[in-house]
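Participant: Dumping the structure here so I can ask a few things about it.
Residue numbers (the UniProt record's numbering): 1 to 498.
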């Protein structure tokens with residue numbers, strides 16, 4: 001454990017917290033002696049009052065479960081803090097220049113620089129999911145999605161080039177943008193052999209961050225204690241699982257062997273003189289050598305578990321698949337992983353006193369606390385984010401009960417107000433305009449006399465009834481006229497032309 005305070009403080013003054021690194025002996029020894037040489041690096045935001053970030057290094061055991069190695073609390077993810085964390089991690093695990101080790105991460109700039117500078121000989125893989133999310137921002141074409149995952153999961157350079165050519169024929173622009181993402185860092189076709197791991201997703205750190213989601217809401221000491229308890233309990237429970245396991249390999253390894261054996265039935269075996277055998281799978285042939293434990297598809301060498309082509313040859317030779325599985329998947333090695341335990345601790349009240357000045361919290365950063373917001377352009381009043389749906393933001397709602405604005409019917413406590421008569425849809429006809437005017441004033445339509453060919457007068461309308469409808473009467477349809485009578489009242493006249 002290493003705690004640093006802000007440099008520059010004078011002797012005898014209170015120290016202000018800067019950053020903290022923690023790596024338990026049990027976690028360190030179990031990874032060095034029993035786990036595969038794969039390390040996942042990632043950062044997560046803290047959610048307590050004084051904001052910061054937690055950097056974590058996570059490994060993988062023989063049953064493909066997470067093994068937290070080390071973690072640190074820093075103010076922010078930047079070049080300085082990642083250099084400091086990777087330097088401590090390399091010293092604890094004996095990574096030296098990183099030769100023979102695999103580092104999995106996202107494309108955070110400070111992290112990429114730290115691995116490149118401090119572990120130049122390590123194989124640095126990028127998380128495919130982050131690559132894909134950035135690449136697909138221009139659209140959501142499902143065919144492009146299939147092309148991407150075909151390219152990411154192919155094991156040979158030949159299949160990689162074939163899928164890239166297919167993508168180029170489908171969309172040249174998408175192909176050009178994908179080449180810029182450096183596929184050699186995230187496609188299995190370029191991964192080195194020897195790690196017994198084909199990971200191109202940083203799910204290790206994502207799983208660890210999910211387990212400490214509630215812990216990250218607590219203050220610093222409470223959060224660190226919660227993480228320690230989780231690691232202590234995890235080691236105990238998995239030690240019981242490994243002890244109770246009576247098979248030669250871990251549970252997930254046996255499931256993978258069963259899947260491989262079943263899929264191998266779809267392959268065609270062609271024997272040849274010598275140590276090599278040809279296997280056909282989906283109109284593509286691969287050469288398998290049991291002596292060298294290799295297959296032309298490279299899956300066997302990369303995972304440490306026979307592929308479907310190798311399984312076809314092994315079963316055809318009347319041998320067992322278990323003879324060709326890497327030792328890291330055995331139950332004995334899985335038991336050894338969790339033979340190292342973390343000791344329990346008393347509560348904070350029982351901790352020994354150091355008789356030193358306390359460490360005060362770090363100062364607040366400039367600006368608002370927490371994760372910085374995206375500086376997107378503010379949308380207009382009636383502007384929506386979606387191109388297919390109309391947003392309900394900034395809309396003026398009208399109550400269907402009282403016909404007033406600003407609230408809904410389910411919260412309205414006023415009396416019911418009947419709705420005004422609805423206008424007919426479409427362009428109104430002449431008789432519809434007349435009937436609407438009469439209906440709005442509760443007047444009956446006149447009885448027309450077909451023998452009177454000059455004109456017919458409608459009932460008189462007083463100015464009181466017309467005060468809210470002047471606009472409607474000023475825009476009278478054809479053959480209508482507004483007249484004022486001798487008593488000063490207004491009336492409409494419907495004219496009939498012979």
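Positions of the beta carbon are idealized from the N, C-alpha and C atoms, including for glycine.
(1) To which residues does DSSP link residue 288 through a beta bridge?
(2) By DSSP, does residue 158 sit in helix, in strand, or in coil?
(3) What is the residue span of the alpha helix (DSSP H) that residue 148 lies within?
(4) How is the beta strand (DSSP E) around residue 17 delimited, first residue to last?
(5) Given a threshold of 16 other Cβ atoms within 10 Å of its Cβ, counted over all protein chains shown, does residue 416 qualify as buried or as exposed?
(6) How should residue 30 be labelled, buried or exposed, when 16 other C-beta atoms within 10 angstroms of its C-beta is the threshold for buried?
(7) Rounded to whole angstroms, what is the Cα-Cα separation between residue 110 and residue 329?
(8) Taking just the CA atoms, how far does residue 308 sit from residue 220?
(9) My output table needs one value for residue 52: the three-state DSSP class, helix, strand or coil.
(10) Just to confirm my understanding: we take residue 24, look at its own chain, exclude 5 residues before and 5 after, and list those with CB closer than 6 Å. What are they?
(11) Contact defined as beta carbons within less than 8 Å: I believe residue 54 pairs with residue 38. What is the distance between those atoms, to the nearest angstrom?
(12) So who's on the other strand from residue 241, going by DSSP bridges?
(13) Say whether the region 277-292 touches the region 313-324, bearing in mind that this needs 3 or more beta-carbon pairs closer than 8 Å, one atom from each stretch.
(14) Name, in chain order, the residues that DSSP records as bridge partners for residue 208.
(15) So, using beta-carbon positions, are residue 62 and residue 301 closer together than 9 Å?
(16) Where do the N-terminal and C-terminal ends of the alpha helix (DSSP H) with residue 256 fall, by residue?
(17) Can you list, in chain order, the residues of its chain whose CB lies under 6 Å from that of residue 81, leaving out five sequence neighbours each side?
(18) When you compare only the Cα positions, how much space is there between residue 137 and residue 268?
(19) Just how far apart, CA to CA, sit residue 190 and residue 395?
(20) Alpha carbon to alpha carbon, how far is residue 408 from residue 460? Give it in angstroms, no decimals.
(21) Going by DSSP, which residues form a beta bridge with residue 71?
(22) Expressed to the nearest angstrom, what Euclidean distance is found between the alpha-carbon atoms of residue 8 and residue 18?
(23) Are the region 197-209 and the region 115-132 touching by the rule of at least three beta carbon pairs closer than 8 Å?
(24) From residue 68 to residue 294, what does the alpha carbon distance come to, in whole angstroms?
(25) Cα-Cα, which of 101, 51, 133 is closest to residue 118?
(26) Beta-carbon within less than 6 Å of residue 288's beta-carbon, same chain only, minus the 5 sequence neighbours each way: which residues are those?
(27) Among residues of its own chain, excluding the 5 on either side of residue 32, which ones have a beta-carbon nearer than 8 Å to its beta-carbon?
(28) Quick one, which of 253, 178, 16 has its alpha-carbon nearest residue 134's?
Facilitator: Considering the structure as presented:
(1) Position 288 of the chain shown, counted from the start, is the residue given in the question as residue 288. Partner(s): 277, 295.
(2) Residue numbering aside, residue 158 sits at position 158 when the chain shown is read from its first letter. Three-state result, residue 158: helix.
(3) For the purposes of this step, residue 148 is taken as the residue at position 148 of the chain shown. Segment 142-153, the alpha helix (DSSP H) holding residue 148.
(4) In the chain shown, counting from the first residue as 1, residue 17 sits at position 17. Here the beta strand (DSSP E) through residue 17 covers 15-22.
(5) Mapped onto the chain shown, residue 416 falls at position 416. Counting Cβ neighbours within 10 Å, residue 416 comes out exposed, since fewer than 16 surround it.
(6) In the chain shown, counting from the first residue as 1, residue 30 sits at position 30. Classification of residue 30: buried, given that the 10 Å Cβ count is 16 or more.
(7) Position 110 of the chain shown holds residue 110. Position 329 of the chain shown holds residue 329. Their Cα atoms are separated by approximately 34 Å.
(8) Residue numbering aside, residue 220 sits at position 220 when the chain shown is read from its first letter. Residue numbering aside, residue 308 sits at position 308 when the chain shown is read from its first letter. When rounded, the distance between both Cα atoms is 49 Å.
(9) Taking the chain shown and counting its residues from 1, the one referred to as residue 52 is at position 52. Residue state, collapsed to three classes: coil.
(10) Indexing the chain shown from 1 puts residue 24 at position 24. Hits under 6 Å: 342.
(11) The count along the chain shown starts at 1 and reaches residue 54 at position 54. The count along the chain shown starts at 1 and reaches residue 38 at position 38. Not quite, the Cβ-Cβ distance comes to about 20 Å (not below 8 Å), so this is no contact.
(12) For the purposes of this step, residue 241 is taken as residue 241 along the chain shown, with counting starting at 1. The partner list for residue 241 (beta bridge, DSSP) is empty, contrary to what the question assumes.
(13) yes
(14) Numbered from 1 along the chain shown, position 208 holds the residue referred to as residue 208. Looking at the DSSP assignment, residue 208 forms no beta bridge with any residue, so it has no partner.
(15) In the chain shown, the residue the question calls residue 62 occupies position 62. In the chain shown, the residue the question calls residue 301 occupies position 301. No, they are not a contact pair.
(16) In the chain shown, residue 256 corresponds to position 256, counting from 1. Segment 251-263, the alpha helix (DSSP H) holding residue 256.
(17) Looking up residue 81 in the chain shown gives position 81. Contacts found: 74.
(18) Here residue 137 corresponds to residue number 137 of the chain shown, with the count starting at 1. Here residue 268 corresponds to residue number 268 of the chain shown, with the count starting at 1. So the alpha carbons of these two residues sit roughly 42 Å apart.
(19) Counted from its first residue, the chain shown places residue 190 at position 190. Counted from its first residue, the chain shown places residue 395 at position 395. Taking the straight line from one Cα to the other gives about 54 Å.
(20) Reading the chain shown from its first residue, position 460 is the one you call residue 460. Reading the chain shown from its first residue, position 408 is the one you call residue 408. Bear in mind that a pLDDT of 47 at residue 460, under 50, signals an unreliable position, so the model cannot answer this.
(21) Here the question's residue 71 lines up with position 71 in the chain shown. DSSP, once it has assigned bridges, lists 22, 56 as partnering residue 71.
(22) By 1-based counting over the chain shown, the position of residue 8 is 8. By 1-based counting over the chain shown, the position of residue 18 is 18. Residue placement at residue 8 is flagged as unreliable, the pLDDT there being 48, under the threshold of 50; a coordinate-derived value is accordingly withheld.
(23) yes
(24) The residue you call residue 68 lines up with position 68 of the chain shown. The residue you call residue 294 lines up with position 294 of the chain shown. C-alpha separation (whole angstroms): 32 Å.
(25) On the chain shown, position 118 is the one that residue 118 refers to. Checked all of 101, 51, 133; the closest Cα to residue 118 is 101.
(26) Translated into positions along the chain shown, residue 288 becomes position 288. The answer, listed in chain order, is 277, 279, 295, 309, 310, 313.
(27) As a working note, residue 32 is residue 32 in the chain shown. Cβ within range, chain order: 93, 94.
(28) Taking the first residue of the chain shown as position 1, residue 134 is located at position 134. Ranking the options by Cα distance to residue 134, first place goes to 178.
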